[in-house]
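A quick write-up on the structure given underneath.
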Amino acid sequence: MPTIEKNRTALLGGTFDPVHLGHVHLFHEAYERAGITHLIVIPVYISNFKRGTHPASFADRVRMLTLAVEDYHELYPDDELDVTISLFEGEKKGVSYTSDTIRAFFDETAEDGKVNFIIGDDIIPTLGHWHDADYLRAHVRFLCFTRLGEVENTSGAEVIFIKSDVYQASSSEVRAGCRDMLSHKVRKYADENKLYRT
């Protein structure tokens, strides 16, 4: 069983519609609690779990992520975390499947035969039903940042539970008008581009 200290590179996928202070705090948690020093953030083009929704454009979401990373470095200046934003899924277009992304990044990022992929504890109940689940079980080490403590994992996948501080923020609340959950530069961009106005 690999130890947390060896998990130096990790992937983080999501819609990020929009990226908020909870995500920014997760960057810090990945560095502080999981020993991650290189985080590859991969915004989805169309989420397999959110088909039929109408998010901000991919370009807007990438721009906000870029600004959020700048805000992160200002908020946590002592962190030595390199954050890279990947355009892989946007360039591929179509529905984003985690298994496709893992295949694309495997040679570059695998450690001890598996790619480290960050999830939240709300994902655990569905993990065994993800597209191409057998491939994910064989090739992914899920780093689960949890506010609930260790939750039951029946997926058969390798999951490392990492206790995380609670940070109350959600993209759906931002879309409903709670803009205080946005970091400074992201909020300014959203205001200037008239995003997430109810």
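For the sequence shown, counting from 1, position 86 maps to 1028 in our numbering; every step adds exactly one.
Built from N, CA and C at the ideal position, the CB exists for glycine as well.
Extent of the continuous alpha helix (DSSP H) to which residue i belongs
i: Phe1030; result: 1030 to 1034
i: Ala972; result: 963 to 976
i: Asp1013; result: 1000 to 1017
Reference residue i; option with closest CA among the options
i: Ser1113; options: Arg1121, Phe1047, Phe969; result: Arg1121
i: Tyr1038; options: His1073, Lys1056, Ile1061; result: Residue identity differs from the one stated: residue 1038 is Ser in this sequence, not Tyr. Comparing Cα positions, the closest option is His1073.
i: Leu954; options: Glu971, Ile1061, Glu1016; result: Ile1061
i: Ile1102; options: Val1116, Arg975, Gly956; result: Arg975
i: Glu1022; options: Thr951, Asp1054, Ile1044; result: Thr951
i: Ser989; options: Leu1007, Glu1053, Lys1035; result: Lys1035
Span separating the alpha-carbon of residue i from that of residue j
i: Asp1013; j: Val1025; result: 12 Å
i: Arg1129; j: Leu968; result: 18 Å
i: Leu1137; j: Val1082; result: 35 Å
i: Thr1043; j: Phe1000; result: 17 Å
i: Arg993; j: Met1006; result: Model confidence at Arg993 stands at a pLDDT of 47, short of 50, so the residue's coordinates are unreliable; what they give is reported in the following sentence. Distance between the alpha carbons of Arg993 and Met1006: 21 Å.
Boundaries (first-last residue) of the beta strand (DSSP E) holding residue i
i: Thr1026; result: 1024 to 1027
At a cut of 8 Å, does the segment 979 to 988 reach the segment 1074 to 1087 through at least three beta carbon pairs?
no
Contact the segment 949 to 964 vs the segment 1122 to 1138: 3+ CB pairs below 8 Å:
yes
Are three or more beta carbon pairs between the segment 1061 to 1073 and the segment 1089 to 1109 nearer than 8 Å?
yes
Please specify which runs of the alpha helix (DSSP H), each continuous and at least 4 residues long, are wholly inside the segment 1065 to 1130, giving them in chain order.
1075 to 1081, 1113 to 1117
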